[in-house]
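*Asks:* Under the numbering used here, think of the first position of the sequence shown as 2, with each following residue one higher.
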Amino acid sequence: MKKSVTLLLAAFFCFSLQGKEVVRLAAGEWPPYISEKLDYYGIISHLTTEAFATQGIETKIEFYPWQRVLQVSKNAEVDGAFAYVHTPERDETYLFSEPIYQGKYVLFHLKSTKLQWKDYKDLKDVRIAAPRGFGGMGPDFLAAEEKKVITVDRVTTVEQTFNMLFLGRVQAVPSDLEVGYVLVRQNFDQKDFDRLTHNEKVIHLAKYCLIMPKKSKKSAGLIKKFNLGIEALKKSGRYNQIVKDFYSKKVYRESLPPNYTSSAQVF
2 MKKSVTLLLA
12 AFFCFSLQGK
22 EVVRLAAGEW
32 PPYISEKLDY
42 YGIISHLTTE
52 AFATQGIETK
62 IEFYPWQRVL
72 QVSKNAEVDG
82 AFAYVHTPER
92 DETYLFSEPI
102 YQGKYVLFHL
112 KSTKLQWKDY
122 KDLKDVRIAA
132 PRGFGGMGPD
142 FLAAEEKKVI
152 TVDRVTTVEQ
162 TFNMLFLGRV
172 QAVPSDLEVG
182 YVLVRQNFDQ
192 KDFDRLTHNE
202 KVIHLAKYCL
212 IMPKKSKKSA
222 GLIKKFNLGI
232 EALKKSGRYN
242 QIVKDFYSKK
252 VYRESLPPNY
262 TSSAQVF
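What follows is the structure, encoded as structure tokens:
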């Protein structure tokens, strides 16, 4: 009897009252891309939900501390998680979708600091702070760090890296450009925000994906449907419209540099 009840409950959670398939995804706070406090839970959440909707699938987003997001996904406690970049370690455990969104990683610094560089050897005397476990900086940055071409202080959160920058403990912070400006706007005072700028050289174009555990039999089919959904959004023009609508919102207007154009609209 217990087994029958379990199967019935599983069936209930896989389909909504309207008979739609439901996918459960884990994510953490990462404004402006993902946040419980933003419309549609942020731009990447909105694109993800809309992509699945084109395939008749309803999306339920569950928020966790970032340390737990990969864990609940790896254990198949949810169907998947977002938004992650490829790394060799993750490729062993997860299937990756086509990119949902593309972000520009740059080096943030204070306006009082002159930061000009062409390759990582030019940064040998620049102390850098970066959060542990983030792969968005790309393979070239990580290789330069591993070979000790650059000096990187690894800390727990992105907020800590910017705090170190404002306190003068480091001279540069690598971050997604949109995340960096919005994070500082929301977590630091106006004086610090006004001190901040970034070097225009792009460290890496990070492609943020949906991931699903290889151990789940559902994952391959859901990834395939999701990829079809992203493709449908782009072909219809809906993708670019969603991006454009988000850039008109207050959280972007008050944080990003004037005339900023998202790289998501050109990939």
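C-beta atoms are modelled at their ideal positions from N, C-alpha and C, and glycine is treated no differently. Keep in mind the model is a prediction, meaning the values are calculated, not measured.
At a cut-off of 7 angstroms, is F97 close to the ligand GDP when judged by its beta-carbon and the heavy atoms of the ligand?
*Replies:* The ligand GDP is not part of the structure shown, which contains no ligands of any sort.
*Asks:* Which of the three DSSP states, helix, strand or coil, is assigned to C15?
*Replies:* In this prediction, C15 has a pLDDT of 48, which is less than 50 and means its spatial position is unreliable; what the coordinates show is noted afterwards. Correct three-state label for C15: helix.
*Asks:* Please report the straight-line C-alpha distance between K61 and R25, rounded to a whole angstrom.
*Replies:* 5 angstroms
*Asks:* Write down the C-beta distance between L111 and L197 rounded to the nearest angstrom, noting that I regard them as a contact closer than 8 angstroms.
*Replies:* 7 angstroms
*Asks:* In chain order, what residues of the same chain have a beta carbon less than 6 angstroms from the beta carbon of Y42, not counting five sequence neighbours either side?
*Replies:* I62
*Asks:* For a quick check, are the C-beta atoms of V174 and T162 less than 8 angstroms apart?
*Replies:* yes
*Asks:* Would you please state the rounded distance, in angstroms, between the beta carbons of C210 and P100? I believe it to be under 8 angstroms.
*Replies:* 6 angstroms
*Asks:* Can you have a look at A144 and say buried or exposed, based on whether 16 or more other CB atoms are within 10 angstroms of its CB?
*Replies:* exposed
*Asks:* Using a threshold of 8 angstroms, state whether the C-beta atoms of K85 and H205 are closer than that.
*Replies:* Residue 85 is actually Tyr in this sequence, not Lys. Taking 8 angstroms as the Cβ cut-off, Y85 and H205 do not qualify as a contacting pair.
*Asks:* Flag this pair as yes or no: are the beta carbons of A27 and S98 separated by less than 8 angstroms?
*Replies:* no
*Asks:* For the alpha helix (DSSP H) that I62 lies in, which residues bound it at each end?
*Replies:* That residue, I62, is in no alpha helix (DSSP H); its beta strand (DSSP E) goes 58 to 64.
*Asks:* Helix, strand or coil: how does DSSP classify L206 here?
*Replies:* strand
*Asks:* On the DSSP letters alone, give me the boundaries of the beta strand (DSSP E) that E22 sits inside.
*Replies:* 22 to 28
*Asks:* Work out the CA separation of V23 and A11 for me, nearest whole Å.
*Replies:* Confidence in A11 is poor, its pLDDT being 45 and thus under 50, which makes the residue's placement unreliable; the coordinate value appears in the next sentence. Per the coordinates, the alpha-carbon of A11 lies some 11 angstroms from the alpha-carbon of V23.
*Asks:* Return the CA-CA distance between Y253 and S220, expressed in angstroms with no decimal places.
*Replies:* 34 angstroms
*Asks:* Cα-Cα, which of V79, Y102, Q72, T88 is closest to I44?
*Replies:* Checking every option, the nearest Cα to that of I44 belongs to Y102.
*Asks:* Could you give the distance in angstroms between the alpha-carbon of N188 and the alpha-carbon of D126?
*Replies:* Put simply, the backbone Cα of N188 is about 28 angstroms away from that of D126.
*Asks:* Run through DSSP, which three-state label would K105 get?
*Replies:* strand
*Asks:* When burial is assigned at 16 or more other CB atoms within 10 Å of the CB, is Q68 buried or exposed?
*Replies:* Q68 comes out exposed.
*Asks:* Here's a check: name, in chain order, each residue in its chain whose Cβ is nearer than 8 angstroms to the Cβ of K235, leaving out the five neighbours to either side.
*Replies:* N241
*Asks:* Rounded to the nearest angstrom, what separates F64 and G29 at their Cα positions?
*Replies:* 5 angstroms
*Asks:* On a CA-only basis, which of F194, Q172, L48 is nearest K245? Give me that one, please.
*Replies:* Here the closest residue by C-alpha is L48.
*Asks:* Is V171 closer than 8 angstroms to A130 when the C-beta atoms are compared?
*Replies:* Less than 8 angstroms separates the beta-carbon of A130 from that of V171.
*Asks:* Where does the unbroken beta strand (DSSP E) through D154 begin, and where does it stop?
*Replies:* 152 to 156
*Asks:* Considering Cα atoms alone, identify which of E37, E255, T88, D80 is closest to V183.
*Replies:* Of the candidates E37, E255, T88, D80, the one whose C-alpha sits nearest the C-alpha of V183 is E255.
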